[in-house]
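Contents: one structure, followed by commentary.
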Amino acid sequence: MALVNTALYDAMEQGDHSTLQRLWLDSPDTEVSCVHPGWPVLRGRGEVLRSYALIMANTDYIQFFLTDVEVSVMTDTALVTCTENILSGAPAEEEGQLGPLVGQLVVATNVFRRTEDGWKVWSHHGSPVLAESDDDEPGGPEGPADDGLLPG
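Just add 254 to the spot in the sequence shown (first one is 1) and you have our numbering.
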């Protein structure tokens with residue numbers, strides 16, 4: 255199951271839309287869904303595959319390092335959770351130059367269904383991991399704000 259999950263990310267890295275099409279469930283009685291970080295829910299195979307084509311067309315380079323991979327299988331359904339450590343490159347501003355590289359952490363849940371043709375992606379949901387900083391403490395670095403609820 256972990257290999258099928260990895261194949262999804264390999265296809266993205268290679269910009270292989272044909273493989274992505276083969277990996278996603280194609281069933282008239284089951285609708286697929288996908289949530290990319292910052293995107294609304296995409297429903298239906300056509301909408302999901304168009305989103306991947308759009309991402310591939312606008313990303314010069316992408317590499318996934320998967321960590322925290324957990325796999326759970328129950329009969330014909332599998333659930334894979336993982337952290338996507340993503341390194342991606344945006345298009346260059348000038349011809350012949352490299353675009354900027356950006357790192358991002360995303361937690362993902364991938365749901366697969368077993369079919370006659372093997373395991374297929376039924377749903378993907380990716381959410382960005384927000385970086386922590388010292389300013390994330392309530393009231394900023396000094397501690398809780400005086401809201402009149404605490405004695406003092």
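Every residue gets a Cβ at the ideal spot worked out from N, C-alpha and C, and that includes glycine.
For Tyr315, the pairing in a beta bridge is given by DSSP as Gly343. For Glu285, the closest of Ala385, Thr331, Val327 and Gly300 by C-alpha to C-alpha distance is Gly300. Exposed is the label assigned to Phe319, since fewer than 16 other Cβ atoms lie within 10 Å of its Cβ. Counting along the chain, Gln358 sits inside the beta strand (DSSP E) bounded by residues Leu355 to Thr369. Within the same chain, Met266, Gly269 and His271 come within 8 Å of Met310 by CB-CB distance, once the 5 residues on both sides are set aside. Secondary structure note for Val295: it is in no alpha helix (DSSP H), with a DSSP letter that is neither H nor E. Between the alpha carbons of Val365 and Trp376 lies a gap of roughly 5 Å. DSSP places Ser272 in the uninterrupted alpha helix (DSSP H) bounded by His271 to Leu277. Judged by beta-carbon spacing, Lys374 lies within the 9 Å limit of Leu279, meaning their Cβ atoms are closer than that value.
Per DSSP, the continuous alpha helix (DSSP H) segment holding Val258 begins and ends at Ala256 to Gln268.
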